[in-house]
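Novice: Mind having a look at this structure? Questions to follow.
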Amino acid sequence: MRIHTLEHVPFEGPAALEEWALANGHTLARTPVYAGGPLPAPEDFDFLAVLGGPMSVHDEAEHPWLTAEKALLRRVVETGKPMLGVCLGAQLLAEILGGAVTRNPEPEIGWLEVEATAEGADSPLFKGMPGAFTAFHWHGETFSIPPGGVRLAKSRACANQAFAFGERILGVQFHLETTPRSMELLLENCADEIVDAPFVQDAERMRAQTGQCETMRPTLNTLLNNLTKEY
């Protein structure tokens with residue numbers, strides 16, 4: 001399978017998603033959207049992963065490449081190809097499908113629990129996944145569930161942690177792809193977002209739980225296998 005990632009900053013790459021791709025014999029191509037170069041066409045890939053970033057989906061004036069990226073995502077929806085949005089990527093998918101992206105009541109940063117909804121427990125995209133699991137988080141905004149979408153997961157800080165749109169489009173607010181290195185890159189580049197808040201952990205507490213990267217790897221692999229099954 002030809003996998004392609006859209007990346008919004010140099011410090012948020014595919015991380016463990018790349019490891020899954022290579023371990024399963026897939027190819028992986030990467031586009032740094034922020035660099036302003038050409039975007040891939042839908043025929044260039046079989047599976048698109050839209051990764052995170054500190055900007056908002058609304059920041060088109062500051063980041064004009066967002067406009068072209070949203071147009072590409074709309075085209076991919078029409079193809080029926082598998083597409084995964086992570087954090088900012090999930091918010092972009094929600095918006096282009098008719099949802100809204102707004103400030104979350106609280107920022108959510110660190111290792112925090114995610115719980116499947118009743119619909120999530122029944123979804124083929126969550127088949128084989130635990131009903132509750134710890135994942136890495138780093139966001140201040142959230143998405144509404146777009147028309148026709150199904151809410152799959154929630155957390156104490158964020159009501160909408162994941163949604164499905166059909167069987168091939170999945171948006172997740174949390175980061176299952178986190179590795180120790182990708183976590184360090186966020187700590188280095190976004191330290192100013194670590195504030196005193198109920199659902200924000202400090203750097204020391206996050207680093208103390210680095211072992212969670214390996215613990216959540218089977219959950220990531222299961223999710224990716226479900227999303228790309230029989231494609």
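Be aware that the sequence shown starts at 1, since it is given in the UniProt record's numbering, and climbs by one per residue.
All residues carry an ideal CB built from backbone N, CA and C; glycine is no exception.
As the structure is a computational prediction, the values presented were derived from the model and not from experiment.
Can you grab the Cα-Cα spacing for the pair residue 77 / residue 109, in whole Å?
Specialist: Approximately 30 Å, taken between the alpha carbons.
Novice: What are the uninterrupted segments assigned as alpha helix (DSSP H) that are 4 or more residues long and contained completely in the stretch 5 to 85, given in chain order?
Specialist: If we require 4 residues or more, the alpha helix (DSSP H) runs fully inside the stretch 5 to 85 come out as 16 to 23 and 65 to 79.
Novice: Do the stretch 197 to 214 and the stretch 160 to 169 make contact, defined as three or more Cβ pairs closer than 8 Å?
Specialist: Touching, no.
Novice: Report yes or no: do the stretch 176 to 183 and the stretch 148 to 164 share at least 3 C-beta pairs separated by less than 8 Å?
Specialist: Judged by Cβ distances under 8 Å, the stretch 176 to 183 makes no contact with the stretch 148 to 164, as fewer than three pairs qualify.
Novice: Report yes if the C-beta distance between residue 152 and residue 193 is below 8 Å; otherwise report no.
Specialist: Contact flag unset, no.
Novice: How long is the line joining the alpha carbons of residue 93 and residue 223, rounded to whole angstroms?
Specialist: One C-alpha to the other measures close to 17 Å.
Novice: How would you write the range of the alpha helix (DSSP H) that residue 119 sits in, first residue to last?
Specialist: Counting along the chain, the alpha helix (DSSP H) containing residue 119 begins and ends at 118 to 122.
Novice: Excluding the 5 residues flanking residue 185 on each side, which residues of the same chain have their C-beta closer than 7 Å to its C-beta?
Specialist: Contacts found: 11.
Novice: Are the stretch 59 to 78 and the stretch 28 to 41 touching, with three or more C-beta to C-beta distances below 8 Å?
Specialist: The stretch 59 to 78 is in contact with the stretch 28 to 41.
Novice: Report the option in 227, 55, 123 and 216 whose CA atom is closest to the CA atom of residue 174.
Specialist: Of the listed residues, the one whose Cα sits closest to residue 174 is 216.
Novice: Please report the straight-line C-alpha distance between residue 198 and residue 44, rounded to a whole angstrom.
Specialist: Approximately 43 Å between the Cα atoms of the pair.
Novice: For residue 227 and residue 212, I'd like the C-alpha separation in whole angstroms.
Specialist: Distance between the alpha carbons of residue 227 and residue 212: 23 Å.
Novice: For the beta strand (DSSP E) holding residue 151, just list the boundary residues, first then last.
Specialist: Start and end: 150 to 154.
Novice: Just checking my contact of residue 26 with residue 55 at CB under 8 Å: how many whole Å lie between their CB atoms?
Specialist: Rounded, the Cβ-Cβ distance is 28 Å, inconsistent with contact.
Novice: Return the residue from the list 35, 49 and 147 that minimises the CA-CA distance to residue 100.
Specialist: Nearest option by C-alpha distance: 147.
Novice: When the distance is taken between beta carbons, is residue 52 closer than 8 Å to residue 89?
Specialist: For residue 89 and residue 52, yes; Cβs fall inside 8 Å.
Novice: Please classify residue 82: is it buried, with 16 or more other beta-carbons within 10 angstroms of its beta-carbon, or exposed?
Specialist: Residue 82 comes out buried.
Novice: Could you round the C-beta distance between residue 170 and residue 219 to whole angstroms and report it? I think they count as a contact, below 8 Å.
Specialist: Not quite, the Cβ-Cβ distance comes to about 13 Å (not below 8 Å), so this is no contact.
Novice: Less than 8 Å between the C-beta atoms of residue 143 and residue 91, yes or no?
Specialist: In contact: residue 143 and residue 91 (Cβ atoms closer than 8 Å).
Novice: Let's test the definition: count the other Cβ atoms within 10 Å of the Cβ of residue 14 and tell me whether it reaches 16, buried, or not, exposed.
Specialist: Flag for residue 14 reads buried.
Novice: Could you tell me the boundaries of the beta strand (DSSP E) in which residue 125 lies?
Specialist: Run containing residue 125: none; DSSP gives neither H nor E here.
Novice: State the DSSP-derived secondary structure class of residue 221, mapped to helix, strand or coil.
Specialist: Note: residue 221 maps to helix in three-state DSSP.
Novice: Output the distance between the C-alpha atoms of residue 141 and residue 160, rounded to the nearest integer angstrom.
Specialist: Approximately 11 Å, taken between the alpha carbons.
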